[in-house]
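Let me begin by presenting the structure, written as C-alpha cells, before commenting on it.
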C-alpha cells in the first residue's frame, strides 16, 4: 500500500531475519570480478603466451581466461626466481588483495543498508511534525503576498533579514497575544497601515485611530471615529436607521436589534425567560417608534426607544394601550391586516407584542419591563444618545460606497463594560446585514465594491456574540474577513463554551508567548508530535575491575511534542526598555504562526516602527472632520420629543462645514444639489 506524503514510516523488509543473500551475492560477485581483473592483467603482462593454457574465448583479438587462472599460474611458478615471472604475478596478487578489501567494504555497506532499512524513515514513526522551512512558508502564500493583513515575520537560519508574513485570502485570523506583548505595534497598527479595503476596528483607548486614521484618510478612505462618550468629537451611528420600514424586512430587522439590545452574552438559564420576553416587547416598541417617527419625517433613535418605556406621568400599560391604536399607516397604503382579516392602520406586530405584554400578570409584567428598561439604560446618557441620534453612514456603505470606509469604534477602558451592548449591537448588525443574501449575475457571484476587515482586539471581552459563533463559518464568502485577538484560550472558552468553534474557523492562528498554561498546552498540541532518537548505554563489569568490561549502546526512536508547553511559555518576548509608563518595546520577540494544512512556523514579530515606510505612515495626523454620506441623514436632527398624545416635529440644524476638507465640502455641495436644497 502506498504511503501518504504527509509522513514516512518504516516498511517491513522482505528479508527480515534469516541470511543476507543480497550482501553475500554482491560480495561474491565483487571477488569474482576482482579475480578476473587480476587474471587478465597477468595474462596481458605475459603477452598471452601459449604456456598460460587455453583461453575460454577471444574477444576483439584478446584472449579471455577463467577468473581464477592467476592462482594456477602462481602455484606453478611459486618457486621461480625469475623477476620477469615473479613481478607480473606479484602485481596480480596486489590487485586481488586490493579488490578483496574493496569487496569486504561493499559487503558491510550492503549489510549495514539492510540494518538501516529496518528503521528506514523512523524519524516519522511516532510523528512527523517539524518547523516550516522557506519552501513550506512559500507554499502558504504568506511570503509572496504584497497585500493583506500582517500576521508576523520570519527570519531564515543564518540570516538577519526579517521577511514579513502577510495574508490576503478571505479566511479569518485569530491571534493569542497577552497584554503588553506587542500585538498593537506588531499586528494591529501594521495591518491598518497596509490594508486597502474597508475596515471596522474595535479600538480601545483610541491609539489605532491616532496612528493609522491619518494615512488611511490620505489614501482615499472615509474615516469615521465612533466614540459614543465623546462630545463633538464623534461620528454618529443610529442602529434604528437600519430598520427597513414598509418592507417585509422590517420585523426581522427589529427582532435582530431587540435581541442584541436585551441579551448581554452572559445569559444564565434563570435570565433567559426574562430576556426572551423582553426581546419580544422590545421588537414591538422598535417598530412603533420607527413608524411613529417616519410619520413626522424623521428617523427614530435608541433614545426614543428608551424614552417610550418610561414616559413621565404615564404607566407602561397605558403606553401599550395607546400604541395598540396608533395609526402607523393612516392611509392603509401597505395593506396591513389584523388577525381577523380586517385592514388595519396599526402595525400588526406592534399590536401583537403589546397585547402579549398586557396579558401578563403583574409579577411577570414587572420583571419583563424591568429587564427591558435595564437593557436600555445606556441610551439615557446624553452623550450616547447624541452620538446614536443619526447616522453618518450606513452598513451598506461599508462595502459599497465609492471609496473604502474605515470605522473606528473608540471605547475608553473606563466605559468598556458600559458601552459593550452598543458595540455588540453594531458588530452583530454589520454581520447580519452583509451576510443576508448572496447576489448572482448569471452564474457568477456579484461582489461588493470593497472587502470588509473586522479587526477586534480583546474579542472575548464583548461576551458571546451568537452571530460570530455561527457566521465565521460562512461570512468569508460575503467578503467579510475577521481578525480576532484574544489574550488566551480561557477567555474564548469562558465566552463561547468548551465546544467553541472560533479557533477551528480561523484559518491562520498566531501566538506570542502565553501567560496562561492552558493556552501554552493548546499551542504545544498544535505544533504536533515529532520523532526523536534516544541513545541508551549499558555498562557491565566486575565490581573491582578498574574499567568496565562491556559497554552496550542502543538508539531508540521516541515521540515528543515539537514544542512542549513549557517551551511555548518561554518563547522570547519582545524586548522592552524603560520603566513604568516610559516602558516601550524596542526589539521583536518570537512567535508561532499556524496555517491550516501546513507545517507550523517559528517566526519573529514584526514591529511597525522598525520599518521606515510604516513609521512614516504612522506619523500622519488623523482627520478632524467626519463625513456624512447617508442621503437622508446629511443634516443633524434632534431626537423626537413625545408627550402623552402629541408629537412635536424636530428642529433642523444646518450642517457645520467649517471643519470639512475641500473634498468633503465638494461632496456635501453635490449631495445638496441632488436633494434640491
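In our numbering, the protein residues as written are 5 to 681. Note that beta-carbon positions come from the ideal geometry of N, C-alpha and C, so glycine has one too.
Query: For residue 374 and residue 268, what's the separation of their Cα atoms in angstroms?; Result: 15 angstroms
Query: Just list the residues that DSSP pairs residue 490 with in beta bridges.; Result: 180
Query: Going by DSSP, what residue range makes up the alpha helix (DSSP H) through residue 311?; Result: 306 to 313
Query: I need the DSSP call for residue 595, collapsed to helix, strand or coil.; Result: strand
Query: Do residue 157 and residue 567 count as a contact pair if the criterion is CB distance below 8 angstroms?; Result: no
Query: At the level of alpha carbons, what is the spacing between residue 342 and residue 357?; Result: 13 angstroms
Query: Tell me whether the region 407 to 416 and the region 256 to 265 touch, counting them as touching only if at least three CB pairs, one residue from each stretch, are closer than 8 angstroms.; Result: no
Query: Does the count of Cβ pairs from the region 224 to 238 and the region 404 to 414 closer than 8 angstroms reach three?; Result: yes
Query: Under the three-state reduction of DSSP, which class applies to residue 643: helix, strand or coil?; Result: In this prediction, residue 643 has a pLDDT of 38, which is less than 50 and means its spatial position is unreliable; nothing more can be read from the coordinates.
Query: For residue 619 and residue 211, I'd like the C-alpha separation in whole angstroms.; Result: 15 angstroms
Query: Tell me whether residue 203 is buried or exposed, calling it buried when 16 or more other Cβ atoms sit within 10 Å of its Cβ.; Result: buried
Query: Closer than 8 angstroms is the cut-off here; do at least three beta carbon pairs connect the region 512 to 529 with the region 174 to 190?; Result: yes
Query: Report the partner residues of residue 62 according to the DSSP bridge assignment.; Result: 67
Query: Using the C-alpha atoms, what's the distance from residue 215 back to residue 516?; Result: 23 angstroms
Query: Using a Cβ-Cβ cutoff of less than 8 angstroms, which residues in the same chain neighbour residue 352 once the five nearest sequence positions on both sides are dropped?; Result: 340, 341, 342, 343
Query: What does the alpha-carbon distance come out to for the pair residue 165 and residue 463?; Result: 33 angstroms
Query: Name, in chain order, the residues that DSSP records as bridge partners for residue 514.; Result: 179, 597
Query: What does the Cβ neighbour count give for residue 296, buried or exposed, with the cut at 16 atoms within 10 Å?; Result: buried
Query: Please list, in chain order, all residues of the same chain as residue 194 whose beta carbon is under 7 angstroms from its beta carbon, the five residues on each side excluded.; Result: 154, 610, 612, 618
Query: For the region 295 to 312 against the region 234 to 244, do three or more pairs of beta-carbon atoms, one drawn from each stretch, fall closer than 8 angstroms, so that the two count as touching?; Result: yes
Query: Going straight from the alpha carbon of residue 282 to that of residue 469, what length do you get?; Result: 18 angstroms
Query: Using CA coordinates, which residue listed in 452, 447, 359 is at the minimum distance from residue 401?; Result: 452
Query: Is it buried or exposed for residue 397, if we count other Cβ within 10 angstroms and need 16 for buried?; Result: buried
Query: Specify, as a first and last residue, the run of the beta strand (DSSP E) that residue 158 falls within.; Result: 153 to 159
Query: Between residue 291 and residue 254, is the Cβ-Cβ spacing less than 8 angstroms?; Result: yes
Query: With distances taken Cα to Cα, identify the nearest neighbour of residue 171 among 607, 599, 627.; Result: 599
Query: So, are the CB atoms of residue 435 and residue 488 less than 8 angstroms apart?; Result: no
Query: Count the other CB atoms, across all protein chains shown, that sit within 10 Å of the CB of residue 314; report buried if there are 16 or more and exposed otherwise.; Result: exposed
Query: Among the candidates 535, 529, 560, whose CA atom is the shortest distance from the CA of residue 541?; Result: 560
Query: Using the Cα positions of residue 500 and residue 379, report the straight-line distance between them to the nearest angstrom.; Result: 21 angstroms
Query: Around the Cβ of residue 293, are there at least 16 other Cβ atoms within 10 angstroms (buried) or fewer (exposed)?; Result: buried
Query: Could you compute how far the alpha carbon of residue 209 sits from the alpha carbon of residue 537?; Result: 51 angstroms
Query: What is the DSSP secondary structure of residue 539, counted as helix, strand or coil?; Result: strand
Query: Residue 197 and residue 169: beta carbons closer than 8 angstroms?; Result: no
Query: Once the 5 residues before and after residue 103 are set aside, which same chain residues still bring their CB inside 8 angstroms of it?; Result: 34, 35, 37, 38, 39, 41, 42
Query: How is residue 227 classed by DSSP in three states: helix, strand or coil?; Result: strand
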